[in-house]
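In the numbering used here, the protein residues as written are 3 to 163.
Glycine is no exception: its CB is placed at the ideal position from the N, C-alpha and C atoms.
Predicted model only: the values in this text are computed from it and were never measured.
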Amino acid sequence: IAAAQAAVEAAQVALDKTLLRAPCNAQVLDINVEVGELIAPTESEPVLVLADTSRLRVRAFVEELDAPRVALGAPVTITADGLQGQTFHGSVAALSPRMSVKELMTGRPSELYDTKVREVLVDVENGEGLIIGLRVDVETPASVGSNDAYARPSRSSDDAL
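Here's what the structure looks like:
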């Protein structure tokens with residue numbers, strides 16, 4: 003009987019290792035496997051993409067002419083072409099310590115292509131209605147025009163979306 007109970011406990015431990023548990027309350031954004039598929043720790047793609055959507059952030063890319071004038075805590079205004087008449091507000095939460103090559107292009111006639119950008123994270127105060135991944139425009143008191151950005155959920159760890 004004891005051996006059978008030990009076998010049941012060992013089977014339960016093995017079964018528990020097959021369950022995926024979220025590290026926090028999260029919303030599932032993408033599922034990359036089907037039930038019954040085998041996966042390995044060396045997979046290049048995550049099994050699930052999760053996001054903590056209790057707080058929303060916008061990742062903006064400020065061009066190099068405006069980048070030095072953006073400060074932590076600065077207020078911002080956020081608009082989206084797809085949400086006509088709606089304005090969102092927030093504040094600068096983090097500034098990248100370095101400039102990087104511009105990868106996000108808008109196609110606007112006044113856009114500079116041969117420039118670098120600084121990543122700026124903005125905490126959104128009233129983000130209800132914003133969709134994760136929606137392209138938005140961010141205006142800061144320091145910016146001449148608007149900066150290109152994407153809405154994204156806040157994250158407590160350094161994972162890529």
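Which two residues bound the contiguous alpha helix (DSSP H) that contains LEU17?
Where LEU17 is concerned, the enclosing alpha helix (DSSP H) stretches over 4 to 18.
Tell me whether GLU65 is buried or exposed, calling it buried when 16 or more other Cβ atoms sit within 10 Å of its Cβ.
Buried, by the Cβ-count rule.
For LEU67 and ILE41, I'd like the C-alpha separation in whole angstroms.
A direct Cα-Cα distance of roughly 46 Å separates LEU67 from ILE41.
Measure the CB-CB distance between VAL124 and VAL94 and report whether it falls below 7 Å.
Yes, the pair counts as a contact, with Cβ atoms nearer than the cut-off.
Can you look up PRO70 in the DSSP assignment and give me helix, strand or coil?
Residue state, collapsed to three classes: helix.
Would you give the residue range spanned by the beta strand (DSSP E) that ASP32 belongs to?
If you look at ASP32, you'll find it in the beta strand (DSSP E) that goes 29 to 33.
Buried or exposed for ALA69, going by 16 or more other Cβ atoms inside 10 Å?
The residue is buried, with at least 16 neighbouring Cβ atoms inside 10 Å.
Contact check, VAL126 vs ALA62 under 8 Å by CB: the rounded distance?
No, VAL126 and ALA62 are not in contact; Cβ-Cβ is about 11 Å, not under 8 Å.
Residue-level contact to chain B via CB, THR44, 7 Å cutoff
As a matter of chain content, chain B is missing from the structure shown, which is built from one protein chain.
Which one of ARG59, PRO111, VAL30 has the shortest CA to CA distance from PRO48?
Selected option, being the one with the closest Cα: VAL30.
When you compare only the Cα positions, how much space is there between ALA2 and GLU36?
A query on residue 2 cannot be resolved here, the shown segment of the chain reaching from 3 to 163 and no further.
Going by DSSP in three states, LEU21 sits in which element: helix, strand or coil?
LEU21: coil per DSSP, three-state reduction.
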